[in-house]
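Q: Chain order of the listed sequences is F and X.
Residues in the first sequence are numbered from 1 upward in steps of one, following UniProt numbering.
Residues in the second sequence are numbered from 1 upward in steps of one, following UniProt numbering.
Note that beta-carbon positions come from the ideal geometry of N, C-alpha and C, so glycine has one too.
Owing to the predicted nature of the structure, the values given are computational and were not obtained by experimental measurement.
Below is the structure I would like to discuss, written out as structure tokens.
Number of protein chains: 2
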Amino acid sequence: MTGHEGSSVPPGRPLLRKLDQRLNDLIAALYPDERKRPGYAKLAAEIRQTTGGAISGTYLWELATGKKRNVTLEQLDVLAEFFGVPPEYFLNEEVADRVNAQLKLATALRDARVRNLALRADGLSTESLDALLAMVSEARKLQQLSPVVDENVVDAKPGNDER
Amino acid sequence: MTGHEGSSVPPGRPLLRKLDQRLNDLIAALYPDERKRPGYAKLAAEIRQTTGGAISGTYLWELATGKKRNVTLEQLDVLAEFFGVPPEYFLNEEVADRVNAQLKLATALRDARVRNLALRADGLSTESLDALLAMVSEARKLQQLSPVVDENVVDAKPGNDER
DNA sequence: GGCACCTATCAGCCAGTGTTGACAGGCAAG
DNA sequence: CTTGCCTGTCAACACTGGCTGATAGGTGCC
């Protein structure tokens with residue numbers, strides 16, 4: 001656009017340079033255990049089926065490593081929706097801090113489902129939360145997800161509780 | 001997924017569909033008098049010299065008429081900076097409403113300078129406001145702009161375009 | 001040893017964002 | 001009426017956002 005350099009970020013414009021850090025924070029919050037964390041490809045696939053929006057693993061990596069950062073609003077919306085944060089999270093410092101506190105709290109919880117719900121709960125009404133949960137459940141049933149994902153995200157321990 | 005119809009937006013994704021309206025609101029707020037309002041080209045030039053970011057008049061029109069709406073963060077930042085609103089204005093309904101109230105109030109004022117300052121004042125500390133004002137004044141002096149605005153915002157010498 | 005399946009990273013491609021340039025219509029000055 | 005400026009609008013172009021595919025390295029299972 002401006003023909004500005006694209007590698008080193010000139011401090012001239014207060015652009016969204018912290019997007020990479022924000023993204024990494026979110027990922028770390030959702031998957032506190034490094035071993036259990038899926039790669040960017042798997043994570044992107046998860047985002048795709050959860051939000052319906054398209055995103056590639058490679059691009060996720062590019063964003064997380066700061067190689068690309070001038071995303072479009074559509075992508076921003078998809079990311080925000082998946083991680084359960086308001087889109088302003090990527091723009092406003094205060095909002096980011098507030099949400100980050102919530103994230104730390106959620107990380108403390110052991111149960112993956114509760115953690116996930118807690119993340120998505122921020123700023124939503126009870127009705128919205130309920131509707132979301134129902135939709136996700138429906139989607140899973142519809143896709144006939146096998147008893148995989150033993151300790152991954154959405155499903156918890158294998159052959160155990162589960163409503 | 002770019003089935004851009006212009007008017008009817010596929011409700012599949014709660015995208016930023018109101019960007020055109022928001023933009024028009026801002027323009028109308030800044031230039032309440034239709035007669036005195038500069039065209040998109042002039043307005044774009046104004047934005048360019050004020051914020052330093054690049055934007056074309058045609059593109060401004062496309063955004064205002066809803067032909068394009070999936071802007072990048074960089075463009076969003078430039079627009080927000082010029083109009084003196086926080087970037088969340090384009091994302092968050094509540095913020096937009098709150099700021100819109102401020103805009104109406106500011107519109108009531110006759111003096112263009114006060115109106116301008118009022119717009120930019122929202123959410124800023126007194127120090128920031130002061131610094132901004134100083135910078136703008138310096139810029140004006142530097143560009144040898146005519147002795148301040150009469151009722152327009154900035155007066156440009158006819159037939160002269162820099163850069 | 002080997003193979004199969006991961007992962008992160010890179011190079012190249014396509015689509016759409018954002019550009020420049022030009023056209024038609026309105027309004028004031030000559 | 002003609003000339004000139006300014007407006008909104010469009011079409012053709014360029015650049016980069018975002019994707020697909022391939023490569024290199026790691027770990028487990030045979």
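1. On the DSSP bridge assignment, give the partners of residue 72 of chain X in chain order.
2. Just the chain F side, please: which residues come within less than 9 Å of residue 71 of chain X by C-beta, in chain order?
3. Looking at the structure shown, is residue 67 of chain F part of a helix, part of a strand, or coil, going by DSSP?
4. Taking the straight line between their C-alpha atoms, what separation do you get for residue 91 of chain F and residue 59 of chain X?
5. With 8 Å as the threshold, decide whether the Cβ of residue 24 of chain X is near any Cβ in chain F.
6. Of all the CB atoms in chain X, is at least one closer than 8 Å to the CB of residue 38 of chain F?
7. With C-beta atoms as the reference, is residue 64 of chain F less than 8 Å away from residue 33 of chain F?
8. Have a look at residue 24 of chain F and residue 36 of chain X and give me their C-alpha separation to the nearest angstrom.
9. By the three-class DSSP mapping on this structure, what secondary structure does residue 22 of chain X have?
10. Is the number of C-beta pairs between the segment 61 to 76 of chain F and the segment 70 to 78 of chain X that are closer than 8 Å three or more?
11. In this structure, does DSSP put residue 34 of chain X in helix, strand or coil?
12. So which residues on chain X does residue 79 of chain F lean against when the C-beta distance must stay under 9 Å?
13. Buried or exposed for residue 52 of chain F, please, with buried defined as at least 16 other CB atoms from any protein chain shown within 10 angstroms of its CB.
14. Run down chain F in chain order and give the residues with a C-beta less than 8 Å from the C-beta of residue 93 of chain X.
A: According to the structure data:
1. Note: residue 72 of chain X sits in a beta bridge opposite F:72.
2. Simply 72, 73.
3. Reduced to three states, the DSSP call for residue 67 of chain F is coil.
4. Taking the straight line joining both Cα atoms gives about 23 Å.
5. So no, residue 24 of chain X is outside the interface.
6. No - not a single Cβ of chain X is within 8 Å of the one on residue 38 of chain F.
7. Remark: C-beta atoms of residue 64 of chain F and residue 33 of chain F do not approach each other more closely than 8 Å.
8. Taking the straight line from one Cα to the other gives about 48 Å.
9. DSSP places residue 22 of chain X in the helix class (H, G or I) of the three-state scheme.
10. The segment 61 to 76 of chain F is in contact with the segment 70 to 78 of chain X.
11. In the three-state reduction of the DSSP assignment, residue 34 of chain X falls in the coil class, being assigned neither a helical nor a strand state.
12. From the beta-carbon of residue 79 of chain F, no residue of chain X is found nearer than 9 Å; the closest lies around 12 Å away.
13. Answer is exposed; the Cβ neighbour count stays below 16.
14. What residue 93 of chain X touches in chain F, judged by beta-carbon distance under 8 Å, is nothing: the nearest beta carbon there is about 11 Å away.
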